[in-house]
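Here is the structure we will look at, set down as structure tokens.
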């Protein structure tokens, strides 16, 4: 397992983004939107989440978005992930159901969340695929993650 952290990682994780929707979106939900992605390396209910990065949505109608990582994993985070992988613990993410503006980013939100085994993320070389499911009003109704 240790070989995966010897690789020079320029990005925290690789994200391929896909929007799935039932019908077309109203024009009021078009334009630049941001969804913060927070992560945790522990499965306990009181574990802290930290910022993984942001999904920047350019267009719901055109399925255009990209992931902007918050930065590389710190040596401490790498060790926590390695330890979680050894314990068969979970790696979790959460995303607010509504895009946020930078002025209101710290407001409380309703979140969608998902998890995978930490060893799956570790063995994938810190690469995963996130798929967001959104409704016609632009609210996130689900998220899936696969290594």
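In mature numbering (1 follows the signal peptide of the UniProt record, and there is no 0), the protein residues as written are -24 to -1, 1 to 123.
Ideal Cβ placement from N, Cα and C applies to all residues, glycine included.
No experiment lies behind these values; they were computed from the predicted model shown.
Of the residues 9, 98, 90 and 8, which one's Cα is nearest the Cα of residue 59?
By 1-based counting over the chain shown, the position of residue 59 is 83. Looking at 9, 98, 90 and 8, the one whose alpha-carbon comes closest to that of residue 59 is 98.
If we ignore side chains and look at the alpha-carbon of each, how far apart do residue 124 and residue 106 end up?
No information on residue 124 is available, as it lies outside the stretch -24 to 123 that the chain covers here.
Quick check on DSSP: helix, strand or coil for residue 45?
Translated into the one-based positions of the chain shown, residue 45 becomes position 69. Strand, per DSSP.
What span of residues does the beta strand (DSSP E) with residue 9 cover, start to end?
By 1-based counting over the chain shown, the position of residue 9 is 33. Its beta strand (DSSP E) spans residues 9 to 16.
To the nearest angstrom, how far is it from the Cα of residue 112 to the Cα of residue 62?
In the chain shown, counting from the first residue as 1, residue 112 sits at position 136. In the chain shown, counting from the first residue as 1, residue 62 sits at position 86. Here the alpha carbons of residue 62 and residue 112 stand approximately 41 Å from one another.
Could you name the residues that DSSP lists as bridge partners for residue 89?
Translated into the one-based positions of the chain shown, residue 89 becomes position 113. Paired residue(s): 70.
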